Amino acid sequence: KKGGVMRLSRVANLKIDEKWAERPLDSKKEEYIASLLTSVGLKPGDAMLGITGRDLIVRSTHLPPVPDWRLDMLMKFEIEEVSEQSGGEVSADWVRLDLPEAVSGDNTILVALAKNQALLPRIEGLKKAGLTVRGACPNSIGMFHSFVTSARISEGETTLLMHIGAENTDIAIQKDGRL
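The numbering used here puts the sequence shown at residues 11 to 189.
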């Protein structure tokens, strides 16, 4: 963390063995996770959890221009509605995208929701392994932020960022440093 900004300093992609993934979070699983973190050279400190897959919902919605207080109220309603449809408690956040007016005259809002049933045990496991989890973020958004903070971006250039994993594909598109 430098000033008020967090900077990507290290990335670790750890695949938990299936026999451990199915196991409930207990002291042996915590030790296993801690040993994985140590094996890639991560020391206790700040961390941001990347999330992907079926326990994550990322969607955009379009709203006419409204005051910030009303936008906040509308988004809370939208999150509650999706939470009810997903069949469980969710953690969620949203952001207004800065799109050119030629793309949309409306507010384009990006909403990300993660099922707490899957999210909270992962956060707890990382905490017990010695990390201070500052939050969770969709992998595609983390990939976008990593790109715009470390790449040389040419004006007018559009970049498709893609991670193709064994089970999930994460995609982000940036133009002029904007999602």
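The beta-carbon is built from N, C-alpha and C at its ideal position, and this holds for glycine as well.
Note that this is a predicted model, so its numbers are computed, not measured.
Measuring CA to CA, which of Gly187, Pro148, Ala176 is closest to Glu165? Gly187
Thinking Ile89 and Ala146 are a contact (beta carbons under 8 Å), I'd like their distance in whole angstroms, please. Not quite, the Cβ-Cβ distance comes to about 15 Å (not below 8 Å), so this is no contact.
Quick one: measure Cβ to Cβ for Asp56 and Lys125, integer angstroms, because I've assumed they're closer than 8 Å. The Cβ separation is near 24 Å, so there is no contact.
What does the Cβ neighbour count give for Met153, buried or exposed, with the cut at 16 atoms within 10 Å? buried
Among Val100, Arg144, Leu141, Arg106, the one whose alpha carbon lies nearest that of Ala128: Val100
Classify Arg69 as buried or exposed, calling it buried when 16 or more other Cβ atoms lie within 10 Å of its own Cβ. exposed
Between Val105 and the rest of its own chain, which residues show a CB-CB distance below 8 Å, the 5 nearest in sequence each way excluded? Ile119, Leu120
Identify the residues that DSSP records as bridge partners of Ser101: which are they? In the DSSP secondary-structure assignment, Ser101 is bridged to Ala124.
Alpha carbon of Met172 to alpha carbon of Leu73, nearest angstrom: 28 Å
Going by CA-CA distance only, name the one from Val92, Glu94, Asp103 that's closest to Asp82. Asp103
Do Ala139 and Ile43 have their CB atoms nearer than 7 Å? yes
If we ignore side chains and look at the alpha-carbon of each, how far apart do Val76 and Asp116 end up? 9 Å
Three-state secondary structure (DSSP) of Thr48: helix
Start and end of the alpha helix (DSSP H) containing Leu84? 78 to 96
Which residue or residues does DSSP assign as beta-bridge partners of Thr168? Lys185
Helix, strand or coil, according to DSSP, for Ile67 in the structure here? Three-state DSSP puts Ile67 in a strand.
Out of curiosity, what's the CA-to-CA distance linking Pro148 and Ala122? 7 Å
Here's the rule I'm using: 16 or more other beta-carbon atoms within 10 Å means buried, otherwise exposed. How should Gln184 be labelled? That one is buried.
Spatial neighbours of Leu47 within its chain, please: C-beta separation below 6 Å, excluding the five flanking residues on both sides. Ala139
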